[in-house]
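Novice: Residue numbers (the numbering used here): 25 to 481.
The beta-carbon is built from N, C-alpha and C at its ideal position, and this holds for glycine as well.
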């Protein structure tokens, strides 16, 4: 019974299983759960940042003093949503929009398609609410609302912006067609790509697509939503991915090329997080993308999670990097009673890759600006985690992790050359199966984060 409850909870987090009728779903509400990122061309101050328009609170607002501005919402991990209408709340009569233009993009904003325009839009009632329909909805990963102020001297102020998807599952209506946004993919091993399916008619009763791979040793496919999946490239070769809903199927041809990892390095997803990760190497830069609940346990079923890119550990070992970026910050804490682990990246010794809760030592930088050491001295004991806060940390930061005999040391440096005295020393007699490498974890099972490491000589 407990396993069934855990599975149901995880399905709710990553799959959205259900059969809704006449549902108006605000997809931009995902911003509060790390499933989309919010940005704008400007803001008056931190108290009026872009995220204030997506916090489900009409008393806060995004404000820009510019005469023309924009605010945008991008869904995490390549997800796409078909928005059919958008709602705007503008209670401040001095900062109403003179015109609106909503656009969509599926290439990160390089190209845009205008979905709707409004000249002299109407905002009714004391709270200033306006709702506008998109005549031809499509699936887009990124939505941008361009706003021109009615009063150029005052700029614009939007309390709430909702991007609404209309969902209706009509009993007895079957799926007639299924298409993929990418019918063919070429990926390097240890990389990933997102597939979004579109079904017709949109109001068919069945909505949940099933995904399979003809050879999961070459490319695996993992569902992360009703009509969305992530392809993980495993080793060079070719295979076919199949998407199916009801009796209707369609395919994606996948070609996997050699990994960008240098010889001697390997990529691992610890304990298979809900959303696949990846690594891309260019010169001395390693870009790690990872998901998961961090180096700890969740109930009794999930152990350490995250992406680990590592080398075999020698008796005396050292790894030095410059951690240049870690984003987006989708972990905790985001509010007073938020007990989620933070989004982190760092360096780790790990004794065993096959043990779900292996012995390890990790120095991590959190997205909230802390440098923390974590370790487990007893394999398999999820309650044996220990931690030490080493103080504030600001990116970019030079980190070094060393082992001499059975002593682990943590260093930071202002320039990557002068390391000074260790910030922390720890006794740990790791076995010959141990590895040393770079680690990243989002702190949540619903989306990923990406860290950029520069390998130091």
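Taking DSSP as the reference, what is the three-state secondary structure of residue 417?
Specialist: Numbered from its first residue, the chain shown carries residue 417 at position 393. Coil at residue 417, not helix or strand.
Novice: Please state if the CB of residue 468 and the CB of residue 389 are separated by a distance shorter than 8 Å.
Specialist: Residue numbering aside, residue 389 sits at position 365 when the chain shown is read from its first letter. Residue numbering aside, residue 468 sits at position 444 when the chain shown is read from its first letter. Going by C-beta atoms, residue 389 is not nearer than 8 Å to residue 468.
Novice: Report the option in 379, 103, 175, 60 whose CA atom is closest to the CA atom of residue 116.
Specialist: The count along the chain shown starts at 1 and reaches residue 116 at position 92. The residue with the shortest Cα to Cα distance from residue 116 is 175.
Novice: Quick one: Cα of residue 228 to Cα of residue 251, how far?
Specialist: Counting from one through the chain shown, the residue named residue 228 turns up at place 204. Counting from one through the chain shown, the residue named residue 251 turns up at place 227. Going by the C-alpha atoms only, they are around 13 Å apart.
Novice: Name the DSSP bridge partner or partners of residue 95?
Specialist: Counting from 1 along the chain shown, the entry for residue 95 is found at position 71. According to DSSP, residue 95 bridges with 64, 169.
Novice: If you run the structure through DSSP and keep just helix, strand and coil, what is residue 110?
Specialist: In the chain shown, the residue the question calls residue 110 occupies position 86. Strand, per DSSP.
Novice: Please list the segments of the beta strand (DSSP E) lying wholly inside the region 127-205, counting only runs of 3 or more residues, in order along the chain.
Specialist: As far as the region 127-205 is concerned, its whole beta strand (DSSP E) runs of at least 3 residues are 137-143, 153-157, 166-173, 180-182, 184-191, 201-204.
Novice: Just tell me which of 96, 192, 420, 375 has its CA closest to the CA of residue 440.
Specialist: The count along the chain shown starts at 1 and reaches residue 440 at position 416. Ranking 96, 192, 420, 375 by Cα distance to residue 440 puts 420 first.
Novice: Who are the near neighbours of residue 256 in its chain, counting only those whose CB is closer than 6 Å to its CB and skipping five residues on each side?
Specialist: The sequence position of residue 256 within the chain shown is 232, counting from 1. Within the same chain, residue 256 has close Cβ partners 216, 244, 300.
Novice: What are the start and end residues of the beta strand (DSSP E) that includes residue 104?
Specialist: Taking the first residue of the chain shown as position 1, residue 104 is located at position 80. Counting along the chain, residue 104 falls outside any beta strand (DSSP E), and DSSP gives it neither H nor E.
Novice: With DSSP as the reference, label residue 233 as helix, strand or coil.
Specialist: Taking the chain shown and counting its residues from 1, the one referred to as residue 233 is at position 209. Coil.
Novice: Contact between the region 462-481 and the region 326-333: three or more CB pairs below 8 Å?
Specialist: The answer is yes - the region 326-333 touches the region 462-481, with three or more Cβ pairs under 8 Å.
Novice: Tell me which residues share the same chain as residue 451 and place their Cβ nearer than 8 Å to its Cβ, disregarding the 5 neighbours each side in the sequence.
Specialist: Here residue 451 refers to the residue found at position 427 of the chain shown. 430, 431, 432.
Novice: Roughly how many angstroms separate the alpha carbons of residue 89 and residue 219, rounded to a whole number?
Specialist: In the chain shown, the residue the question calls residue 89 occupies position 65. In the chain shown, the residue the question calls residue 219 occupies position 195. Their Cα atoms are separated by approximately 39 Å.
Novice: State the start and end residues of the unbroken beta strand (DSSP E) segment that holds residue 399.
Specialist: As a working mapping, residue 399 is identified with position 375 in the chain shown. Counting along the chain, the beta strand (DSSP E) containing residue 399 begins and ends at 394-400.
Novice: Might you give, ordered along the chain, the residues of its own chain that have their beta carbon closer than 6 Å to the beta carbon of residue 123, omitting 5 neighbours on each side?
Specialist: As a first step, residue 123 is located in the chain shown; it is residue number 99 there, counting from the start. Counting only Cβ-Cβ distances below 6 Å, and skipping sequence neighbours, we find 143, 172.
Novice: DSSP beta-bridge partners for residue 478?
Specialist: Working through the chain shown from its first residue, we reach residue 478 at position 454. Looking at the DSSP assignment, residue 478 forms a beta bridge with 309, 346.
Novice: Taking residue 260 as the reference, give the member of 385, 278, 46 with the closest Cα.
Specialist: Position 236 of the chain shown, counted from the start, is the residue given in the question as residue 260. It is 278.
Novice: Rounded to whole angstroms, what is the Cα-Cα separation between residue 125 and residue 320?
Specialist: Counting from one through the chain shown, the residue named residue 125 turns up at place 101. Counting from one through the chain shown, the residue named residue 320 turns up at place 296. Taking the straight line from one Cα to the other gives about 45 Å.
Novice: Any idea what DSSP makes of residue 70, helix, strand or coil?
Specialist: On the chain shown, position 46 is the one that residue 70 refers to. Three-state result, residue 70: helix.
Novice: Report, in whole angstroms, the separation of the C-beta atoms of residue 113 and residue 183, which I expect to be a contact under 8 Å.
Specialist: Numbered from 1 along the chain shown, position 89 holds the residue referred to as residue 113. Numbered from 1 along the chain shown, position 159 holds the residue referred to as residue 183. Indeed they touch by this definition, with Cβ atoms about 4 Å apart.
Novice: Let me check understanding here. Comparing Cα to Cα, which of 303, 458, 118, 444 lies closest to residue 427?
Specialist: The residue you call residue 427 lines up with position 403 of the chain shown. It is 458.
Novice: For residue 335 and residue 191, which I take to be in contact (beta-carbon distance under 8 Å), what is that distance rounded to the nearest angstrom?
Specialist: The sequence position of residue 335 within the chain shown is 311, counting from 1. The sequence position of residue 191 within the chain shown is 167, counting from 1. Contact flag wrong, Cβ pair sits at about 47 Å.
Novice: Who are residue 220's beta bridge partners in DSSP?
Specialist: The residue given as residue 220 occupies position 196 in the chain shown. Note: residue 220 sits in a beta bridge opposite 252.
Novice: Here's the rule: buried if 16 or more other CB atoms are within 10 angstroms of the residue's CB, otherwise exposed. What is residue 160?
Specialist: Counting from one through the chain shown, the residue named residue 160 turns up at place 136. Per the 10 Å Cβ criterion, exposed.
Novice: Would you check if the distance between the CB atom of residue 383 and the CB atom of residue 401 is smaller than 8 Å?
Specialist: Counting from 1 along the chain shown, the entry for residue 383 is found at position 359. Counting from 1 along the chain shown, the entry for residue 401 is found at position 377. Yes.
Novice: Since residue 454 and residue 377 should fall inside the 8 Å C-beta cutoff, what is the C-beta to C-beta distance between them, to a whole number of angstroms?
Specialist: In the chain shown, the residue the question calls residue 454 occupies position 430. In the chain shown, the residue the question calls residue 377 occupies position 353. No, residue 454 and residue 377 are not in contact; Cβ-Cβ is about 13 Å, not under 8 Å.
Novice: Could you tell me if residue 368 is buried or exposed, where buried requires 16 or more neighbouring beta carbons within 10 angstroms of its beta carbon?
Specialist: The count along the chain shown starts at 1 and reaches residue 368 at position 344. It is buried - the Cβ of residue 368 has at least 16 other Cβ atoms within 10 Å.
Novice: For residue 55, which of helix, strand or coil comes out of DSSP?
Specialist: In the chain shown, residue 55 corresponds to position 31, counting from 1. In this structure, residue 55 counts as helix in the three-state DSSP scheme.
Novice: Residue 446 to residue 422, Cα distance in whole Å?
Specialist: Residue numbering aside, residue 446 sits at position 422 when the chain shown is read from its first letter. Residue numbering aside, residue 422 sits at position 398 when the chain shown is read from its first letter. Distance between the alpha carbons of residue 446 and residue 422 is about 13 Å.
Novice: Smallest Cα separation from residue 169: which of 178, 314, 158?
Specialist: By 1-based counting over the chain shown, the position of residue 169 is 145. Among 178, 314, 158, the Cα nearest to that of residue 169 belongs to 158.
Novice: Cβ of residue 343 within 8 Å of Cβ of residue 371?
Specialist: Counting from one through the chain shown, the residue named residue 343 turns up at place 319. Counting from one through the chain shown, the residue named residue 371 turns up at place 347. Contact flag set, yes.
Novice: Looking only at DSSP bridge pairs, what is residue 356 linked to?
Specialist: Taking the first residue of the chain shown as 1, we reach residue 356 at position 332. DSSP lists no partner for residue 356.
Novice: Tell me which same chain residues have a C-beta within less than 6 Å of the C-beta of residue 234, skipping the five on either side of it?
Specialist: In the chain shown, residue 234 corresponds to position 210, counting from 1. Cβ within range, chain order: 268.
Novice: Using 8 Å as the Cβ pair cut-off and three pairs as the minimum, do the region 91-105 and the region 55-68 touch?
Specialist: Short answer: they touch.
Novice: Report the rounded CA-to-CA distance for residue 385 versus residue 481, giving the unit in angstroms.
Specialist: If you number the chain shown from 1, residue 385 lands on position 361. If you number the chain shown from 1, residue 481 lands on position 457. Going from the Cα of residue 385 to the Cα of residue 481 covers about 22 Å.
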